[in-house]
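Asker: The sequence shown begins at 0 in numbering that gives the first Met the number 0 and counts up one residue at a time.
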Amino acid sequence: MQIIFQYPAWFILFCILLGLVYAGVLYYKSDHFSDDSPNFSWIKRGLALLRFLSGTLLAFLLLSPFVKSKFVDKIEPLIVFVHDNSESILLNLNSEDSANYINSTNEMLTNLSAKYQIDYYSFDEEVKEIDTLNFKGRSTNISYALDQINGLYFNQNIGAVIFASDGIYNQGNNPIYSDFNFPIYTVALGDTNQQTDVKIVNVRANKLAYLDDKVQVEIELQANHLQGKQYQLSLSAKNGLLFNKTIPITKDFDEQKTTFTLDAKRIGIHRYTVQVQEFENEISLANNSFEFYIEVIDDRQNILLLANAPHPDIAALKSVIEVNKNFEIDIQYVQKMQANLADYSLIILHQVPSGTQGAKNILSNIKSSKIPTWYIAGASSDYGSLNQLQNIVQISIQGKNGNDVNTYFNQNFNAFNLTENTTSILRKFPPLLAPFGNYKLSPGSTVLFYQKIGTVQTDYPVLAFQESLGIRSAIFVGDGLWRWKLYDFLEHNSNEVFNEIIEKTINYLALKGDKRKFRVKTNKSAYFDGEIVKFEAELYNDNYELINSPEVSLLVTNEDGSAYPFNFIKTEKAYLFETSSLAIGNYTYTAKTDFNGKKLAASGAFSISAMQLEALHTQANHNLLKQLSDKTGGQFLEAKDVASLDEILLNKESIKPTLYESFKTRPIINLFGIFFVIMMLLSVEWFARKWFGAY
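This is the structure in structure tokens:
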């Protein structure tokens, strides 16, 4: 204990002096104590001493002193026992080994619990505070388990962490690269020898495919101790077997890859199963099959090319569009147009309106249809009518002659990217014939290519874009687009540059926006068994503002026709539903609601497949466990030696209580003892003075 003063310590002399003066004036200058008999003289001195002490203490408290006290806390060490609860643990344990291991472990823990507190945890893909094991974990995340223990026991006295595992992990990071604040005593389970096994290590295929695509499926195979045998591999779907393949196994430890090609013929989510024939005495049969899913969608864009008259540009555009399987082009001419505009994702107007074909009714319908439009202006265009039809750029023609213009790329354009090769070759393309006049670009318009007249780079656009109320449009100003295609082929023996410009322009313009007022989706299209499936729903009013006043129902249906009804939960502005109780299979879902007297519905599909991670890796990784123990100052033990772990830990000198010193500073006036001392001094003095008649 230490006393701390706010004032110089020599101020205590004033306190003592004040106590002496106070006692002297009261007892040696007062007539009440004038008796000088020997007995009474001692009484007076005693009373004066009491008054001196109480006065000095009171004066001392006026100096506002503090007392600093030291406290020592003793924290006993604890042992944390963490056991792997994943499926791979069972693969290499027979009943006899399992019984011996369990008995030895229980005895070891019982001996340790006599001296230390023991906390029990199991882990697989997550960590649980539990001392019972079922070995049903479908994945293993060692780094996450140890990180959780590190966080839970931060700044506590962990004597040791006993970590029992086979060292196999298939989720998370390598734990060797993490830092832990405790010694890890690893107990090695499993077998490090390669067991007889054939397995499908991985299947690679695009999860999303477009209708009529060719989808390549790559399969990785592995076989142990089966040299001279054959992989009997099959690929099947819901409607039966699709492919069979026989591949010889040429090595004792054999790794091979093979491929299949699937035709995406039907829209929807399709489940496929890869199966390899099993062999006798295999350690695991769970890794002999692998399920994967491919979602096939139809994302083809119907494009209407409406022209004033036949022109080489039309053939150039058609050659690009028709080779892209996601585009379908319909070429029509104004005087004979027969088309339902609602069937198209993009309309290309080639030199429409023209001086001879005004086509007011057709153009009025196109404008009101809110369909993305690409205007290609040329020598036959009526620029006065074109200015009224679009708001990207206003062109005021001055005279009938035009300018031969080259093009240069706008470095600030960022709506989509062109390759560096394209932007460099663009400068060499043949010139276009552009109208001579003034160009006024509208606010919100962005330019991809500018006009270069002679050596002068102008701010007049060749190709410009605009997006208004979610509808995109573009204008190309210049006659001679077809020359670009010819030049590209003559110079480079391909149309790669020309095709890139046309394809990316069409892709950008024809991108479909979602204008639905009721939307439902899942956060993924493929899930593992037990994983949470999240459904999200959004409802918009006529002003496209999110609302969630009406109730929304959800019906999930599996392939067998069994239906599972649910109700969405309202969030702040939308709807949410989550479940992890659905079995393996393919599902469709439909959400329904009523809003403003209208019944709205939205649907989708998803799949749930089995998680096979634990069956893919069956060879124990004891080297990882040794590295963990060495790095943290622990010790590595085989499972058969687990009974000796209690003796090791009980004799470990580093496992001992931790002493923590802490200090507390507080004013002396707050100490109850000081109050009682002063009260006692004053009370004894008062009683003695009363007794001797001083009052």
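Don't be surprised by glycine CBs; every beta carbon is placed ideally from N, CA and C.
Quick caveat: nothing in here was measured; it's all calculated off a predicted structure.
Which two residues bound the contiguous alpha helix (DSSP H) that contains P247?
Answerer: Translated into the one-based positions of the sequence shown, residue 247 becomes position 248. Unbroken run through P247 is the beta strand (DSSP E), G239 to P247; no alpha helix (DSSP H).
Asker: How is K399 classed by DSSP in three states: helix, strand or coil?
Answerer: Here residue 399 refers to the residue found at position 400 of the sequence shown. Strand at K399.
Asker: Can you tell me where the beta strand (DSSP E) holding K114 begins and where it ends?
Answerer: Indexing the sequence shown from 1 puts residue 114 at position 115. First-last for K114: undefined, no H or E at that position.
Asker: DSSP on R137, reduced to helix/strand/coil?
Answerer: Translated into positions along the sequence shown, residue 137 becomes position 138. If DSSP states are grouped into helix, strand and coil, R137 belongs with coil.
Asker: Whole beta strand (DSSP E) runs in the region 573–655 with 3 or more residues, listed along the chain?
Answerer: DSSP runs (the beta strand (DSSP E)) wholly in the region 573–655: 574–578, 584–594, 597–608 and 634–637.
Asker: Per DSSP, what kind of secondary structure is A338 in: helix, strand or coil?
Answerer: Counting from 1 along the sequence shown, the entry for residue 338 is found at position 339. A338 falls in the coil class under three-state DSSP.
Asker: In the structure shown, what three-state DSSP assignment does H269 receive?
Answerer: Your numbering for residue 269 matches position 270 in the sequence shown. DSSP places H269 in strand when its eight states are reduced to three.
Asker: If we count Cβ pairs, one from each stretch, closer than 8 angstroms, do we get three or more for the region 350–363 versus the region 487–498?
Answerer: no
Asker: For L19, collect the residues of the same chain with a Cβ closer than 7 angstroms to its Cβ; drop the 5 residues on either side in sequence, then sort them by chain order.
Answerer: To locate residue 19, count along the sequence shown from 1; it is residue 20. F51, listed in sequence order.
Asker: Tell me which residue opens and which closes the beta strand (DSSP E) that K256 is part of.
Answerer: Taking the sequence shown and counting its residues from 1, the one referred to as residue 256 is at position 257. Counted as a single uninterrupted DSSP element, the beta strand (DSSP E) harbouring K256 occupies residues F252 to D262.
Asker: In whole angstroms, what is the alpha-carbon distance linking L240 and I248?
Answerer: In the sequence shown, residue 240 corresponds to position 241, counting from 1. In the sequence shown, residue 248 corresponds to position 249, counting from 1. Cα to Cα, the separation comes out at about 23 angstroms.
Asker: Comparing alpha-carbon positions, which option in L234, F291, A58 and R299 lies nearest G584?
Answerer: Here residue 584 refers to the residue found at position 585 of the sequence shown. Nearest option by C-alpha distance: F291.
Asker: What did DSSP end up calling H82 once you bin it into helix, strand or coil?
Answerer: Residue numbering aside, residue 82 sits at position 83 when the sequence shown is read from its first letter. Strand at H82.
Asker: How would you call M714, buried or exposed, if buried means at least 16 neighbouring beta carbons within 10 angstroms?
Answerer: This structure cannot speak to residue 714, because the chain is shown only from 0 to 694.
Asker: On the three-state DSSP scale, how would you describe L61?
Answerer: Numbered from its first residue, the sequence shown carries residue 61 at position 62. DSSP places L61 in coil when its eight states are reduced to three.
Asker: Taking a contact to mean a Cβ-Cβ separation below 8 angstroms, would you say L431 touches G477 in this structure?
Answerer: As a first step, residue 431 is located in the sequence shown; it is residue number 432 there, counting from the start. As a first step, residue 477 is located in the sequence shown; it is residue number 478 there, counting from the start. Taking 8 angstroms as the Cβ cut-off, L431 and G477 qualify as a contacting pair.
Asker: Please look up how many angstroms separate the CB atoms of I175 and L624, rounded, as I've assumed it's under 8 angstroms.
Answerer: As a working mapping, residue 175 is identified with position 176 in the sequence shown. As a working mapping, residue 624 is identified with position 625 in the sequence shown. Actually they do not touch by this definition, with Cβ atoms about 10 angstroms apart.
Asker: Could you tell me whether the Cβ atoms of N409 and Y449 are closer together than 8 angstroms?
Answerer: Translated into positions along the sequence shown, residue 409 becomes position 410. Translated into positions along the sequence shown, residue 449 becomes position 450. Result yes, Cβ atoms of N409 and Y449 sit closer than 8 angstroms.
Asker: What do you reckon, are the CB atoms on F162 and P64 nearer than 8 angstroms?
Answerer: Walking along the sequence shown from the start, residue 162 turns up at place 163. Walking along the sequence shown from the start, residue 64 turns up at place 65. It is not a contact, given that the beta carbons lie outside the stated cut-off.
Asker: If you draw a straight line from the alpha carbon of E652 to that of L220, how long is it in whole angstroms?
Answerer: As a working mapping, residue 652 is identified with position 653 in the sequence shown. As a working mapping, residue 220 is identified with position 221 in the sequence shown. E652 and L220: Cα-Cα distance of roughly 50 angstroms.
Asker: Can you have a look at Q696 and say buried or exposed, based on whether 16 or more other CB atoms are within 10 angstroms of its CB?
Answerer: The shown model of the chain, from 0 to 694, leaves out residue 696, and the question about it has no answer.
Asker: Rounded to whole angstroms, how far is the Cβ of S344 from the Cβ of I302, which I believe are closer than 8 angstroms?
Answerer: Your numbering for residue 344 matches position 345 in the sequence shown. Your numbering for residue 302 matches position 303 in the sequence shown. Sure, about 7 angstroms apart at Cβ, within 8 angstroms.
Asker: Among residues of its own chain, excluding the 5 on either side of L49, which ones have a beta-carbon nearer than 7 angstroms to its beta-carbon?
Answerer: Position 50 of the sequence shown holds residue 49. Taken in chain order, the residues that qualify are L680, V683 and E684.
Asker: Check whether the region 214–233 touches the region 311–321, counting contact only when three or more Cβ pairs, one atom from each stretch, lie closer than 8 angstroms.
Answerer: Taking 8 angstroms as the limit for Cβ pairs, the verdict is that the region 311–321 does not touch the region 214–233.
Asker: For the structure I just gave you, are there three or more beta carbon pairs, one from the region 191–203 and one from the region 272–280, closer than 8 angstroms?
Answerer: yes
Asker: What would DSSP say about E537, mapped onto helix, strand or coil?
Answerer: Here residue 537 is taken as the residue at index 538 of the sequence shown, counted from 1. Strand, per DSSP.
Asker: Counting beta carbon pairs with one atom in the region 659–677 and one in the region 52–72, are three or more of them shorter than 8 angstroms?
Answerer: They touch, by the three-pair rule.
Asker: What residues are listed by DSSP as bridge partners for Q221?
Answerer: In the sequence shown, the residue the question calls residue 221 occupies position 222. Paired residue(s): K198 and E254.
Asker: When burial is assigned at 16 or more other CB atoms within 10 Å of the CB, is K484 buried or exposed?
Answerer: Position 485 of the sequence shown holds residue 484. Its Cβ being crowded by 16 or more others within 10 Å, K484 is buried.
Asker: When the distance is taken between beta carbons, is L599 closer than 8 angstroms to F517?
Answerer: Mapped onto the sequence shown, residue 517 falls at position 518. Mapped onto the sequence shown, residue 599 falls at position 600. Against a cut-off of 8 angstroms, the Cβ pair of L599 and F517 comes out as a contact.
Asker: Starting from P311, trace the beta strand (DSSP E) in both directions and tell me its first and last residue.
Answerer: As a working mapping, residue 311 is identified with position 312 in the sequence shown. P311 -> not in any beta strand (DSSP E); alpha helix (DSSP H) instead, spanning P311 to I320.
Asker: Quick one: complete beta strand (DSSP E) runs, 3+ long, within the region 356–382?
Answerer: 372–376
Asker: Could you name the residues that DSSP lists as bridge partners for L284?
Answerer: Translated into positions along the sequence shown, residue 284 becomes position 285. None, per the DSSP bridge assignment.
Asker: Assuming K213 and D262 are in contact, meaning their beta carbons sit under 8 angstroms apart, how far apart are those beta carbons, in whole angstroms?
Answerer: Position 214 of the sequence shown holds residue 213. Position 263 of the sequence shown holds residue 262. Contact flag correct, Cβ pair sits at about 6 angstroms.
Asker: What are the partner residues of Y526, as DSSP defines its beta bridges?
Answerer: Within the sequence shown, residue 526 is the residue found at index 527, counting from 1. Y526 is bridged by DSSP to I607.
Asker: In the DSSP assignment, find the unbroken beta strand (DSSP E) run with I328 in it and report its ends.
Answerer: Along the sequence shown, read from residue 1 onward, the residue named residue 328 stands at position 329. Counted as a single uninterrupted DSSP element, the beta strand (DSSP E) harbouring I328 occupies residues F326 to Y332.
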